[in-house]
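The block underneath contains the structure these notes are about, expressed in structure tokens.
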Amino acid sequence: ELDTEVGRLQAFFEQIEIFWSARGVDDATGFAQEALQALESLSTAATQEDQTAARDALQRLQGSCQSCHEGFREETDDGYRIKP
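Residue numbering for the sequence shown follows the working numbering, starting at -18 and increasing by one per position.
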């Protein structure tokens, strides 16, 4: 089950990386790459049943998401949008 979810997230972050790379936004592209690395670490940790490494990888993933969201999206009346 975890492998399926990690695979879905990897596909999602690959698309995010393509999106930001095509726009030349290096910081956001880097956040997507960091997320992909964290997901790879999470998958490895799960396979090895290493809870500490899994927790660390999840924290790195959350940090990448938070940094990108804070830097590149803004709240609107009905949700969020990418900052112009």
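Ideal Cβ positions, reconstructed from N, Cα and C, are used throughout, including at glycine.
Residue i vs residue j beta-carbon contact at 7 Å
| i | j | result |
| --- | --- | --- |
| A9 | C46 | no |
| G27 | L(-10) | For the record, residue 27 in the displayed sequence is Ala; it is not Gly. Going by C-beta atoms, A27 is not nearer than 7 Å to L(-10). |
| A13 | L42 | no |
Residue i (DSSP reduced to helix, strand or coil)
| i | result |
| --- | --- |
| R62 | strand |
| E56 | strand |
| V6 | coil |
| D37 | helix |
| D(-16) | helix |
| E83 | Any answer about residue 83 is impossible in this case: the structure gives the chain only from -18 up to 65. |
| E30 | coil |
Candidates the options: closest to residue i by CA position
| i | options | result |
| --- | --- | --- |
| L17 | Q32, T(-15), A38 | A38 |
| E51 | K64, Q32, R4, A35 | K64 |
| E(-14) | R36, W1, L23 | L23 |
Neighbourhood of residue i by C-beta distance below 7 Å, restricted to the same chain and skipping five residues each side
| i | result |
| --- | --- |
| I(-1) | none |
| R62 | R54, E55 |
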